[in-house]
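Enquirer: Structure below; questions to follow.
2 protein chains.
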Amino acid sequence: MSSIQATAPDSSLNDIFAALADPTRRAILGRLATGESSVNELAAPFPMSLQAVSKHLKVLERAGLISRGRQAQLRPCRLRPDSLARATGWLDSYRALWDSSFDRLDEHLRSTQKGNHD
Amino acid sequence: MSSIQATAPDSSLNDIFAALADPTRRAILGRLATGESSVNELAAPFPMSLQAVSKHLKVLERAGLISRGRQAQLRPCRLRPDSLARATGWLDSYRALWDSSFDRLDEHLRSTQKGNHD
DNA sequence: CCAGTATTCAACCAATGAGTTCAATACAAG
DNA sequence: CTTGTATTGAACTCATTGGTTGAATACTGG
């Protein structure tokens with residue numbers, strides 16, 4: 001009766017990975033990597049409505065991947081790398097696994113089963 | 119006229135991130151990090167049916183995150199780090215961005231951490 | 001005040017996802 | 001061959017998601 005819990009010790013990883021799973025949203029992040037941008041500017045390249053892009057931005061914001069400001073009637077979006085870092089951090093624990101040799105497996109096992117690994 | 123294309127030059131990233139977005143699936147990967155395992159063994163800790171876990175495994179396999187063998191009536195699962203590496207690779211391109219000293223990004227980071235929320 | 005621009009809200013729809021239960025398959029052993 | 005075990009398949013819910021259109025809000029400039 002182990003205690004692997006599927007449900008959300010830190011639910012934000014769910015939101016982060018789910019946000020990254022959409023190619024439109026990844027493209028938006030790619031665009032934002034070059035600098036702050038308005039919703040209209042962000043939406044322009046995509047073959048979908050402005051409202052659809054607005055929804056994508058809401059998803060990205062909820063995942064903590066972007067933040068938004070207010071200047072005049074614009075609501076400029078900018079990248080928020082810290083959430084991206086959370087995803088990277090999770091993946092890194094696995095990278096350690098396959099990068100190094102077998103004895104690191106034990107170490108990984110231990111930290112994993114402490115349950116901070118989700 | 120830009121060329122940001124939302125649709126799938128790299129469609130597998132969609133599957134990989136989508137697979138990682140579910141906590142049950144992340145827990146399964148965590149479990150597999152300790153070694154090969156059968157479906158029954160994998161399913162045991164979770165408060166859901168065996169069939170549900172079987173579905174999760176199919177998602178993970180489709181994303182290339184695990185592979186499966188056959189021995190007797192068992193279909194043992196093992197981790198396949200290369201797909202995980204694709205996700206890591208994508209994220210790494212962003213890590214490079216915020217790690218380096220683009221002053222624009224730096225500025226954004228600072229204002230972000232001041233916590234100007236909507 | 002009025003008109004235009006930027007963005008979001010709301011209602012709707014089709015497709016997908018995560019879960020269920022019941023039935024089917026595959027294999028090992030008696 | 002039959003039984004038990006491991007796993008998948010199929011059909012079904014229910015909630016969520018990605019998209020649409022039309023209306024509302026918020027702000028700027030004339």
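For the record, the sequence lines run as chains A and B. All residue numbers for the first sequence refer to my numbering, where the first residue is 1 and numbers rise by one. All residue numbers for the second sequence refer to my numbering, where the first residue is 119 and numbers rise by one. C-beta: ideal position from N, C-alpha, C; glycine also.
(1) Kindly indicate which three-state DSSP category L65 of chain A falls into: helix, strand or coil?
(2) Report all residues from its chain with a CB closer than 7 angstroms to the CB of R180 of chain B; omit the five preceding and five following residues, and keep chain order.
(3) Alpha carbon to alpha carbon, what distance is there between A18 of chain A and V132 of chain A?
(4) Quick one: is L227 of chain B near chain A, going by C-beta distance under 8 angstroms?
(5) Against chain A, which members of the segment 196 to 218 of chain B pass a CB distance test of less than 7 angstroms?
(6) Measure how close the beta-carbons of L178 of chain B and V171 of chain B come, nearest whole angstrom, since I'm counting them as under 8 angstroms.
(7) Is R80 of chain A a contact residue of the ligand MG, with contact defined as CB to any heavy atom under 7 angstroms?
(8) Considering only the alpha carbon of each residue, which of A:A33, A:W90, A:D22 lies closest to R144 of chain B?
(9) With a threshold of 8 angstroms between beta-carbons, can L50 of chain A be considered close to chain B, or not?
(10) With a CB to CB cut of under 8 angstroms and the five nearest residues on each side skipped, what residues in its chain are close to S67 of chain A?
(11) Can you list, in chain order, the residues of its chain with a C-beta nearer than 6 angstroms to that of G187 of chain B? Leave out the 5 residues immediately preceding and following it.
(12) Any Cβ of chain A within less than 8 angstroms of the Cβ of P194 of chain B?
(13) Any idea what DSSP makes of R75 of chain A, helix, strand or coil?
(14) Helix or strand or just coil, what does DSSP make of S156 of chain B?
(15) Ends of the alpha helix (DSSP H) at S12 of chain A?
(16) From the beta carbon of A139 of chain B, is the nearest beta carbon of chain A less than 8 angstroms away?
(17) DSSP three-state call for S211 of chain B: helix, strand or coil?
(18) Straight-line CA distance for T88 of chain A to G148 of chain B?
(19) Classify L183 of chain B: buried if its beta carbon has 16 or more other beta carbons within 10 angstroms, exposed otherwise.
(20) Which residues bound the alpha helix (DSSP H) around P45 of chain A?
Expert: In short:
(1) On the first sequence, residue 65 of chain A is found 65 positions in, with the first residue counted as 1. Of the three classes helix, strand and coil, the one that applies to L65 of chain A here is coil, per DSSP.
(2) Locating residue 180 of chain B in the second sequence gives position 62, counting from the first residue. In its chain, beyond the 5 residues on either side, D133 have a beta carbon closer than 7 angstroms to the beta carbon of R180 of chain B.
(3) Outside the displayed range of chain A (1 to 118) lies residue 132 of chain A, so it cannot be described from this structure.
(4) Along the second sequence, read from residue 1 onward, the residue named residue 227 of chain B stands at position 109. Low local confidence applies: a pLDDT of 44 at L227 of chain B is under 50, so the model's placement there is unreliable, with the coordinate-based value given in what follows. Interface residue, yes.
(5) Hits within the stretch, in order: P199, L202, A205, T206, L209, Y212, R213, L215, W216.
(6) One-based indexing of the second sequence puts residue 178 of chain B at position 60. One-based indexing of the second sequence puts residue 171 of chain B at position 53. In fact, because the Cβ distance is near 10 angstroms, the residues do not count as touching under 8 angstroms.
(7) The ligand MG is not among the ligands present in this structure, which contains no ligands whatsoever.
(8) To locate residue 144 of chain B, count along the second sequence from 1; it is residue 26. Selected option, being the one with the closest Cα: A:W90.
(9) One-based indexing of the first sequence puts residue 50 of chain A at position 50. False, the Cβ-Cβ gap to chain B never drops below 8 angstroms.
(10) Working through the first sequence from its first residue, we reach residue 67 of chain A at position 67. Closer than 8 angstroms at Cβ, skipping near neighbours: E61, C77, R78, R80.
(11) In the second sequence, residue 187 of chain B corresponds to position 69, counting from 1. Excluding its 5 nearest sequence neighbours in each direction, G187 of chain B has C-beta neighbours in its own chain below 6 angstroms: P194, listed in chain order.
(12) By one-based count along the second sequence, residue 194 of chain B stands at place 76. No, because no Cβ of chain A sits closer than 8 angstroms to the Cβ of P194 of chain B.
(13) Here residue 75 of chain A refers to the residue found at position 75 of the first sequence. Of the three classes helix, strand and coil, the one that applies to R75 of chain A here is coil, per DSSP.
(14) Your numbering for residue 156 of chain B matches position 38 in the second sequence. The three-state secondary structure of S156 of chain B, taken from DSSP, is coil.
(15) The residue you call residue 12 of chain A lines up with position 12 of the first sequence. Going by DSSP, S12 of chain A is part of the alpha helix (DSSP H) stretching over 12 to 20.
(16) Walking along the second sequence from the start, residue 139 of chain B turns up at place 21. Interface residue, yes.
(17) Position 93 of the second sequence, counted from the start, is the residue given in the question as residue 211 of chain B. The DSSP-derived three-state label of S211 of chain B is helix.
(18) Translated into positions along the first sequence, residue 88 of chain A becomes position 88. Translated into positions along the second sequence, residue 148 of chain B becomes position 30. Taking the straight line from one Cα to the other gives about 15 angstroms.
(19) For the purposes of this step, residue 183 of chain B is taken as residue 65 along the second sequence, with counting starting at 1. A residue is called buried when at least 16 other Cβ atoms come within 10 angstroms of its Cβ; L183 of chain B meets this threshold and is buried.
(20) As a position in the first sequence, residue 45 of chain A is number 45, starting the count at 1. Counting along the chain, P45 of chain A falls outside any alpha helix (DSSP H), and DSSP gives it neither H nor E.
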